[in-house]
Amino acid sequence: MGALSEERLRELPVAGLLGAAGLALPAVCHMFPGNLGPVLLPMYLPVFVGGFLLSPPLAAMLGLLLPPLSMVITGMPPAPVCPLMMAELTALGGATALVYKALKPRKWALWAGLLSGIVSSRAAGFFFLLLLGNFLGIRKPAWLFVAASFITGLPGTLPQIIVVPPVVKVLEARRGGG
Numbered sequence: 606m607g608a609l610s611e612e613r614l615r616e617l618p619v620a621g622l623l624g625a626a627g628l629a630l631p632a633v634c635h636m637f638p639g640n641l642g643p644v645l646l647p648m649y650l651p652v653f654v655g656g657f658l659l660s661p662p663l664a665a666m667l668g669l670l671l672p673p674l675s676m677v678i679t680g681m682p683p684a685p686v687c688p689l690m691m692a693e694l695t696a697l698g699g700a701t702a703l704v705y706k707a708l709k710p711r712k713w714a715l716w717a718g719l720l721s722g723i724v725s726s727r728a729a730g731f732f733f734l735l736l737l738g739n740f741l742g743i744r745k746p747a748w749l750f751v752a753a754s755f756i757t758g759l760p761g762t763l764p765q766i767i768v769v770p771p772v773v774k775v776l777e778a779r780r781g782g783g
């Protein structure tokens, strides 16, 4: 296996910082009363930003590793939900990065990446539940579970749409990539 390119090496600290944010934001949400994690989707924000700043494989890996790391460190997400979040966040990071990198010279690339991330994460969740929901003890039909999680997560989708684009623009401008 060859050495990592300079560009890939520069991504690793960014991925590490986004991973730390992905562990910290849900912990902050759990400081407040109520079960805010499924509503605000705090782990999705750093993975989304990673989809814009990292290569597709690294963005997907960030999404894949955050839920089990968080589960081991904080106990959240709970075990039955962790594999579902792994599927959703892997698709979110990977699809966002793929679409954004493919369309980047265009002004609407950021919005296309954002939309592809949202849609692909929900699709991954649906297919994951379709295939493995029974095994995980989730007895609701996949479409109902995904619809319920989508509706519950709408308040968390708004920050994704409102916060992520300006954050990405500022970070890219600071590193000379946008």
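606 is the number of the first residue of the sequence shown in the numbering used here; add one for each residue after it.
Every residue gets a Cβ at the ideal spot worked out from N, C-alpha and C, and that includes glycine.
{"Asked": "Mapping DSSP to helix, strand and coil, what is Gly639?", "Found": "coil"}
{"Asked": "Check whether the region 658 to 673 touches the region 698 to 708, counting contact only when three or more Cβ pairs, one atom from each stretch, lie closer than 8 Å.", "Found": "yes"}
{"Asked": "Quick one: Cα of Leu609 to Cα of Gly698, how far?", "Found": "20 Å"}
{"Asked": "In its own chain, which residues sit with a C-beta less than 8 Å from the C-beta of Arg615, not counting the 5 before and 5 after it?", "Found": "none"}
{"Asked": "Can you tell me which of Ala684, Thr679 and Val775 puts its alpha carbon nearest to the alpha carbon of Phe740?", "Found": "Ala684"}
{"Asked": "Is the beta carbon of Ser675 closer than 8 Å to that of Pro647?", "Found": "no"}
{"Asked": "Would you mind stating whether Leu670 and Val652 have Cβ atoms separated by less than 8 Å?", "Found": "no"}
{"Asked": "Quick one, are the C-beta atoms of Leu708 and Pro770 less than 8 Å apart?", "Found": "no"}
{"Asked": "Between the Cα of Ala747 and those of Ile678, Gly642 and Leu689, spot the shortest distance and give me the residue it belongs to.", "Found": "Leu689"}
{"Asked": "Quick one: Cα of Leu622 to Cα of Trp716, how far?", "Found": "23 Å"}
{"Asked": "How would you write the range of the alpha helix (DSSP H) that Met690 sits in, first residue to last?", "Found": "Cys687 to Leu708"}
{"Asked": "Going straight from the alpha carbon of Leu694 to that of Pro643, what length do you get?", "Found": "13 Å"}
{"Asked": "How far does the alpha helix (DSSP H) with Phe740 in it extend, from its first residue to its last?", "Found": "Looking at the DSSP string, Phe740 is not in any alpha helix (DSSP H), and its letter there is neither H nor E."}
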